[in-house]
Structures are given as C-alpha cells and as structure tokens.
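Student: In the working numbering, the protein residues as written are 71 to 430. We put the beta carbon where it would ideally sit given N, CA and C, even for glycine.
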C-alpha cells in the first residue's frame, strides 16, 4: 500500500470514501484533471496524532497535491501528560512527511475554572486553533470528529438533560470549523491509517474511566448496541442531524425576535450595559423562542448560556404574581421586571419590561 492509499493501482475503498467526504464538503474534486490555481487558499487540520485526525490530515494531503488548496496543520500540546511535547513533535514529523505545510505546534496552558479538565483542554485547544488560523490566514480548520464521537455527544447531552442545540451534537460546519468525518466510523479511520502506512498515537486518556465520555464510549454504547442492535450509534448520529436542522431554524427565529425586542442602554452612573425586553413581546412568543431570546440577552451581556432552571426562573417574572426580581442568571447577569402606566390599550393598563444587566 502506498502513501496515496493504492495497492496495485487500486484505491483503498475506505480512503476513497474519506476523500469523497472531504471533497464534497470543501467543493474539491477527487478525480479528473488537476485544477491548480494561483495562490490557493490554505486550510488547516487540527491534529492530535490520534487515528481520526491523522487519517483526516492524510486524506487532505491528497488534495494539496492537486494544487487547488494548500493544507497545513496545527498540533496542540495540552501538557496534560508526561511526554506530551515528544508526542506533539512526532505527530508534526508525520504530518510534514505527508507534505503538509505549514505544520505548527502550539503549547497551551490550561485554565481551570471549575468546569473540569476536559472543558479546560477544549477551550485551550480551540483558542490555539483559532489564533493559528488567523495568524496564517486560513479560513477553515478541519477536525477529525467521527460518527462515534457524534453518538457519544448525543448520549452525554441526554444524560445532562440538555436542550435541542446540545442534542444536535456537532455540526459539519460551525464558523471556521469543518468536520468532514461525521459520517465515518472510528474503525474506518484506523483502517485509513493502516492503508496509508501511518502510525497513530493512542491517547491513554481515551481509556481512562475517570472521564464520563470514556465510560459512554467503552461501556454505555457497547451495551446499547448489544441490547438495541449494532445500528444504535448511527441512529443517534442521525437524530443529531435532524435536531440540528430544528435547532438552526429555532435559533434563526429567536435571533429575529431578539433584534426586534432588545433595547440596549447603559445604566446611569455605571459602565455596565443592560438589555430591556418588552414584557408583552416576550409573553407573545412560544416558550421555545422566549427561552432563546432570554438566553441571547444573557450571552450578549457577557454571561454564559443559562441553564433551563435559571431561564425558567427569569420567565416567572412575566407572571406578575411574585417578586419583581432580580433573578440571577449565569455569568454575573441578573434579570428583573420593571413596570409603568400607559393609556393603551385602556386607561390604567400596566405594562413593562424585563431588564437584564451584567454586574461587576
């Protein structure tokens, strides 16, 4: 088998499948005459050295040989394990051997804010990827998440009682990030590495049961597969795709309502912004949109996505049957109700606003 995935002139079928996925998502042809362009755009592959991202990098290297794009890579060293620097450099060496250029190794320090090591590593990784993409002028960063990763994300969302957006899992495209392998199984990425003669790094953390995702991967999904049938992972991933369409539609509607309802100002004597939302306007929205509008206000003020319980508490202010607030949302954002009199629609009618403000 050659580095291009061929044996005796025949393309390995899994390599061919992966090429089609990448080419289809990026608008690149896998066959026919090369179409080299002047100053081709640069895409980057986020690569840990594991089978998934290494297989993706190798598949993308094929497109670099055709001249339509340049392909580079970013290797992030999280410094979470002894010898991580050596692993990162070895990965970078394999990527350069595939013809990727530039290959950048970024070493990051994790900021633990109570969310746990996985969340800290994820935040640091995406920060490094985004910074490198901006530095090198790359518009797209490709990630090697697979169908199995998607199924795990859906199960984790269910276990946490998450909403539609979380259950939608990862999207093929989200901002600059592209995930071409969401239709590919994890064992297929291993097969690609074998076909191309690559040596992937197997992260020992992926077998550590201290991590919830590892327990889902090694215990929960195999159990569900044994009880419900081998197609359970694909079914979960398909559900994520369907929910993704629904979440996108609801988010678009909520964004339009938020633009209409939001009145931004700065409280007198302070530098902290606040957003006022019409009570009547909020009451007229379906619950799915009302919750999203409140969340958009909180996030715009610098908070984080509020939990369902916090959003429901803010929503009770609309009932006018108890306290006018404040209700504390996540990220130092609070909400309360203010009222005033008006002659419309009838004399003495009262109406008001929900005000959300970020505190110091």
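Closest by CA to residue 246, which one among 262, 385, 231, 199?
Tutor: Selected option, being the one with the closest Cα: 199.
Student: Over what stretch of residues does the alpha helix (DSSP H) that includes residue 154 continue unbroken?
Tutor: Residues 154-167.
Student: To which residues does DSSP link residue 336 through a beta bridge?
Tutor: Bridge partners of residue 336: 343.
Student: Does DSSP classify residue 103 as helix, strand or coil?
Tutor: Of the three classes helix, strand and coil, the one that applies to residue 103 here is coil, per DSSP.
Student: Flag this pair as touching only if the segment 246-256 and the segment 215-233 have three or more C-beta atom pairs under 8 Å; answer yes or no.
Tutor: A contact exists between the segment 246-256 and the segment 215-233.
Student: Excluding the 5 residues flanking residue 369 on each side, which residues of the same chain have their C-beta closer than 7 Å to its C-beta?
Tutor: If we look at residue 369 and ignore the five residues flanking it on each side, its Cβ neighbours are 375.
Student: Under 8 Å, with one C-beta from each stretch per pair, do the segment 195-213 and the segment 130-147 reach the 3-pair mark?
Tutor: With a cut-off of 8 Å, the segment 130-147 and the segment 195-213 count as touching, because enough Cβ pairs lie within range.
Student: Check residue 407 in the structure and name its three-state DSSP category.
Tutor: Strand at residue 407.
Student: Run through the segment 169-231 for me and flag every whole beta strand (DSSP E) of 3 or more residues, listed as ranges in chain order.
Tutor: The segment 169-231 contains these whole beta strand (DSSP E) runs: 173-177, 210-212.
Student: May I ask you to check if the CB of residue 219 is nearer than 7 Å to at least one heavy atom of the ligand SAM?
Tutor: The model depicted lacks the ligand SAM and carries no ligand whatsoever.
Student: Take residue 415 and list the residues in its own chain whose beta-carbon comes closer than 6 Å to its own, dropping the five residues that flank it on each side.
Tutor: For residue 415, the predicted model reports a pLDDT of 42, less than 50, meaning its position is unreliable and no value from the coordinates is stated.
Student: Would a C-beta distance cut-off of 8 Å place residue 221 and residue 303 closer than the cut-off?
Tutor: Their beta carbons are under 8 Å apart, which means residue 221 touches residue 303 by this criterion.
Student: For the beta strand (DSSP E) that residue 134 lies in, which residues bound it at each end?
Tutor: Residue 134 -> not in any beta strand (DSSP E); alpha helix (DSSP H) instead, spanning 121-135.
Student: Between residue 384 and residue 399, how many whole angstroms is the CB-CB distance? I'm expecting something under 8 Å.
Tutor: About 6 Å; that satisfies the 8 Å criterion.
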